[in-house]
Amino acid sequence: MSTRRSLLVTALTAVAVLVAGCGDAPEPSTIPATALAPPLPGAEAITEAPVEQGSGVCDTEGTLSPGARPRPGAMPAGSAMAAIVANGRLRVGVDQNTYMFGFRNPSTGLLEGFDIDLAREVARDLFGDPDRIELRSVTAADRIALLQDKQVDMIVRTFSATCERRREVDFSSAYYRAAQRIVVPRGGGMSTAADLAGKRVCVAKGTTAAAPLFDLDLPSPPSVLGVTNWTDCLVALQQGTVDAISGDEPIVAGLVAQDQNLEMVGDPIGTGAYAVGVPKGSDELVRFVNGVLDRMRTDGTWQRIYQRHLSSLGPSPGPPEPRYVG
């Protein structure tokens, strides 16, 4: 690992510890079984599949086709886009704790990541200026409430569209597909999902990550701990409060990048597709955002921000094809 990379990993891990409000975390192998750390603030047991996963049957990726593309700064009168332009900035709910997608760079103090760059592209097409944006750090559990209360104009935060969520907010076309994976300490004897039997597994509250854990056919189900942020899961695993973490591959790969005593193991146990969330009934805004995403797919912008932030995941899979239903 280069000196620069090592410093970044060390700094990001330190940020994770500070965010969780804990002290220095020893490596899992150094923690006595009788001296496990207490649960993190805000942590709670999840005893059934969360409602965020939803039920029933719907087309989770079906969305409205792009409308006419207005010039930046000249949005149709009375539209949601015109209201945003009149406000002078685009208010976007993002993450500051998910490495590669939305995190605060400890060297600059700025928010960076794939989702951050995508949000700036929406601002570019609204204003002609990607910096006309207000980035608000939000937790996964608060995403829907913030849209319903109109405290943000949209959410760009590894937000998977589900049937349940579609009852409360609207979504753009999918801009990234991810498989759900498992992260464990290296050399700990866990290599597949079957090894989660009777183990303690950490997920972020308000996400869909807990649901596949309840669907595993195991002799003894895992105990699922929900925390506020994914970095809290990292701290919990470092402290020995949990035995594993399960989440979308780009999210947990970011945790592994911050602590290389960890590794991803086993086959995927679920999948998800990230989309931009907007308030319910915002058809014009959905069409506008889908137009931005179409532009990004065709002019190479999607590929450029993949290379900038996600290249460590491997060769680009290319942007998902949109599924327009209206």
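Quick note, the sequence shown lines up with residues -20 to -1, 1 to 306 if you use mature numbering (1 follows the signal peptide of the UniProt record, and there is no 0). Positions of the beta carbon are idealized from the N, C-alpha and C atoms, including for glycine.
Beta-carbon separation of residue i and residue j under 8 Å?
i	j	result
VAL236	VAL164	no
PHE94	LEU290	yes
LEU217	VAL204	no
GLU114	LEU70	yes
ALA103	ARG112	yes
THR78	TRP210	yes
ARG277	PRO299	yes
ASP212	LEU20	yes
GLY178	PRO202	yes
GLU148	GLN128	yes
residue 314	TYR254	This structure cannot settle anything about residue 314, because the visible part of the chain is limited to -20 through 306.
PRO248	ALA159	yes
PRO302	MET80	no
ASP75	ARG137	yes
ALA62	PRO56	yes
THR119	THR208	yes
PRO46	ASP274	yes
Would you call residue i buried or exposed, if buried means 16 or more other Cβ atoms sit within 10 Å of its Cβ?
i	result
GLY280	exposed
GLY234	buried
GLY206	buried
LYS185	buried
GLN287	exposed
LEU176	buried
Cα separation between residue i and residue j?
i	j	result
SER292	GLY58	43 Å
ALA66	VAL181	46 Å
LEU44	MET170	43 Å
THR40	THR27	25 Å
ASP195	ALA174	12 Å
VAL215	GLY22	13 Å
VAL272	ASP105	7 Å
LYS260	ASP133	11 Å
THR172	ARG49	47 Å
SER153	LEU265	12 Å
GLY108	ALA99	13 Å
TYR304	THR221	44 Å
ALA5	GLN219	Residue placement at ALA5 is poorly supported in this model, since its pLDDT is 38, which falls under 50; the coordinates still yield a value, given next. Whole-angstrom Cα-Cα distance: 5 Å.
GLU243	GLY167	9 Å
GLY250	PRO52	39 Å
VAL72	PRO199	43 Å
LEU90	ILE225	27 Å
GLU92	VAL232	17 Å
SER117	ASP197	36 Å
Specify the secondary structure class of residue i as computed by DSSP and reduced to three states.
i	result
MET244	strand
ASN270	helix
CYS38	coil
ARG303	strand
GLU101	helix
THR211	helix
THR(-8)	Low per-residue confidence applies at THR(-8): pLDDT is 43, beneath 50, and the placement is therefore not dependable, though the value from the model is reported in the following sentence. Of the three classes helix, strand and coil, the one that applies to THR(-8) here is helix, per DSSP.
ASP4	With a pLDDT of 40 at ASP4, under the threshold of 50, the predicted position of this residue should be treated as unreliable, though the coordinate-derived value follows. Of the three classes helix, strand and coil, the one that applies to ASP4 here is coil, per DSSP.
ALA224	strand
MET61	helix
MET170	coil
GLU24	strand
ARG275	helix
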